[in-house]
Each structure stands twice: as structure tokens, then as C-alpha cells.
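Inspection log for the structure reproduced underneath, given as C-alpha cells.
In the numbering used here, the protein residues as written are 1 to 321.
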């Protein structure tokens, strides 16, 4: 969800006109099927013996207040005309105060150091740079500064011109299985492969030694990409017994959306645009209030369906319209 990524406002296919930064909070998903798929998932009520749910969630051996995590939305300090505000730091503090896991995406090492000075638990995601030493340098710096985990946006290998992507003027490159193994072995904290949209890539991430994946297509980077929640159950089944943590994202705007992803097999979810408007318009306090509201919605639907905690989600409660 970085501000260098652009989307067509009305068309599901990126084009040269009508482009606006994703960080504006106004861009629609490039893949319009995401929202339609989510909205076609209905739930049945299971109220007898239902109890008020516990949202406490364990991720990488650490306990958090909720399975909702704050997605990596990069370069936020550069998108507002009011230069006295620092939305990245506001997001970091909101995550810390609500005790949820925070993700940080493409930032320079200097900016990253500043952003995480007062951060809570954080995962740093890097791009598949053509310069492999740059990748390892960023991963190891994050580990040194106390990141809970690190990872890579593998869905940023292709650019819109059919060649390797270039982001902020920095060339990206291919990602081989041996490359991935090298990056994973370069750190001693969990490694997350982000942008997995197939069983094939999920199994390769597992075999390379990754401890987690994010089932995602990065807000619709791939034309005609399958909705992440559609492929999620198949990936969950394929990774059964591996011990890998499965995150998911993709148009998750409410606690109800998050419930559906969790019921379909995610251990935790990433919320990006769901808090972006509040963050950019009104800052930290509004972001914290939105996180609480999302948790209330998640808890409400869990109570309606007899789910007592985040380890008890049951896909059989779902019906596809």
C-alpha cells in the first residue's frame, strides 16, 4: 500500500489517467472482486452457550490484544501538506497503545531508525531489490533495532511494463528459491513471505525456511488476481502441521471482514485502508479509536456465532451466497 503504487480510480485496470496515490485513502481496489467476494460470505447464528469472546492472540510467541495488525503503509510522513505531522510515528504509537502488532514497509534505513524509536512490536518488510546486499542490510538493521520479524514483498518483483519493478527509482529484481533461503538465514528472527497467492508459493516459502506468510496480492497488483480469501483455505490445508503463521489481507475494512478471514484460516490479519482515513485526517487518537471499533465488530460477530476465542474459529459457520 505504498504511495508510489497507483491505481485507476474507476477502472479495475491500471491506466495512465485518473491515477491517485493509494495513501490518499480514496483509491479503489484494483481487483474489484475482493470486495464482492467478501460481501458474499454470510454467517449463521450460534447463540446458545455463546460467551463474550477473548481476542487475545499469540504471534511469534508474543501476546497481543487482538488478531488485527496494522499493515505496512509506507512514506506516510511525505503525503500530507501539513509537514508538522508525522503519520508514520502516529501509526506506530497507535499500535503500541492498543497493543497490536505493527508492520513497516519501504523506508530508508535512516527513516526507519527514526520511526521505530518509540515503537512497540514491529515487522519490517523489504522489497526484492536487485541489490542483494541492500536487502540483507535492511533485514539485519531491523533485527538489530528489535523487530519481532522481518520479511519481503515478493509480489513487487513484476512491474507494470512486464519487466522487473522499479520503486522510488530503486531497481528490483527476481527472487529465486536460493535467494529466499539466503535472506531467511541472514537473520535470527522470524521471516515472513508477503504476497503469497498460491499453494505453490506457500510451499516454497515453507521449504525455504520462512516462519510465516501473508496471503495477499498487495491491494490488487496482479491483474485478475484471485481474492486472497478465496485461496486462503487451500493454502491453510497445504501448510497444516508446518507450524507456519498465516496472515491475510485484501480489502479488510471492518472487524466483520477480519472475522471472515480468520474463519477461513488466517491466524491474524493486516488492516491498512481500514485505518488509513482516520490516520491521515485526525492522527493517532482517531486511529486508536478505529482499532477499538474494529475489535468491537470482530467481537460482536464472534459472540453471534459462538466463537469464544481466536483459537476457536470455525469455517462451517460461513455460507457463500
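Where a beta carbon is used, it is the ideal one built from N, C-alpha and C, also for glycine.
Treat the numbers as computed from the prediction; the structure is a model and nothing was measured.
*Look at the Cβ atom of residue 41, then the Cβ atom of residue 303, and state whether they are nearer than 7 angstroms.*
no
_When 139, 111, 264 are compared against residue 129, the one with the closest alpha-carbon_ = 139
*Determine contact between the stretch 227-241 and the stretch 169-189, defined as no fewer than three beta-carbon pairs at a distance below 8 angstroms.*
no
*Considering only residues of the same chain and omitting the five flanking positions on each side of residue 245, which have a CB-CB separation below 6 angstroms?*
212, 267
*Which value, in whole angstroms, describes the spacing of the CA atoms of residue 16 and residue 161?*
In this prediction, residue 16 scores a pLDDT of 31, lower than 50, which makes its location untrustworthy; the coordinate-derived value is nonetheless stated afterwards. Cα-Cα distance, rounded: 12 angstroms.
_Helix, strand or coil, according to DSSP, for residue 224 in the structure here?_
Three-state DSSP puts residue 224 in coil, outside helix and strand.
*What first and last residue would you give for the beta strand (DSSP E) that runs through residue 319?*
318-320
_What would DSSP say about residue 87, mapped onto helix, strand or coil?_
helix
*Identify the continuous beta strand (DSSP E) that holds residue 152 and give its terminal residues.*
149-153
*What are the boundary residues of the alpha helix (DSSP H) that residue 130 is part of?*
Element bounds for residue 130: n/a, residue is neither H nor E.
*Would a C-beta distance cut-off of 7 angstroms place residue 207 and residue 38 closer than the cut-off?*
no
*asked:* Can you look up residue 24 in the DSSP assignment and give me helix, strand or coil?
replied: For residue 24, the predicted model reports a pLDDT of 35, less than 50, meaning its position is unreliable; a value from the coordinates is still stated below. For residue 24, the secondary structure class from DSSP, reduced to helix, strand or coil, is helix.
*Name the one or two DSSP bridge partners that residue 51 has.*
Beta bridge pairing from DSSP links residue 51 with no other residue.
*Can you grab the Cα-Cα spacing for the pair residue 86 / residue 183, in whole Å?*
31 angstroms
*Quick one: Cα of residue 159 to Cα of residue 36, how far?*
26 angstroms
*Helix, strand or coil for residue 97, going by three-state DSSP, please let me know.*
Three-state result, residue 97: helix.
*Indicate whether residue 288 and residue 98 have their beta-carbon atoms separated by less than 7 angstroms.*
yes
_Contacting residues, own chain, Cβ-Cβ under 6 angstroms from residue 218 (five flanking each side not counted)_ = 155, 195
*Could you give the distance in angstroms between the alpha-carbon of residue 55 and the alpha-carbon of residue 115?*
27 angstroms
*Please report how far the alpha carbon of residue 178 lies from the alpha carbon of residue 125, in whole angstroms.*
Rounded to the nearest angstrom, the two C-alpha atoms are 19 angstroms apart.
*Just the Cα atoms here: how many angstroms apart are residue 23 and residue 276?*
Confidence at residue 23 is low in this model, with a pLDDT of 38, below 50, so its placement is unreliable and the value that follows should be read with caution. The straight-line gap from Cα to Cα measures roughly 7 angstroms.
_In whole angstroms, give me the CA-to-CA distance for residue 132 and residue 243._
Distance between the alpha carbons of residue 132 and residue 243 is about 28 angstroms.
*For the beta strand (DSSP E) that residue 199 lies in, which residues bound it at each end?*
Careful: residue 199 lies outside any beta strand (DSSP E), inside the alpha helix (DSSP H) at 199-208.
*asked:* One question on the structure: do residue 66 and residue 100 come within less than 7 angstroms of each other, judged by their Cβ atoms?
replied: yes
*For the alpha helix (DSSP H) that residue 62 lies in, which residues bound it at each end?*
That residue, residue 62, is in no alpha helix (DSSP H); its beta strand (DSSP E) goes 62-64.
*Helix, strand or coil for residue 315, going by three-state DSSP, please let me know.*
helix
*asked:* For a test of the three-state rule: what should DSSP assign to residue 165, helix, strand or coil?
replied: Of the three classes helix, strand and coil, the one that applies to residue 165 here is coil, per DSSP.
*Please indicate yes or no: does the CB of residue 298 lie closer than 6 angstroms to some heavy atom of the ligand SAM?*
Absence of the ligand SAM is noted for the structure shown, with no ligands found whatsoever.
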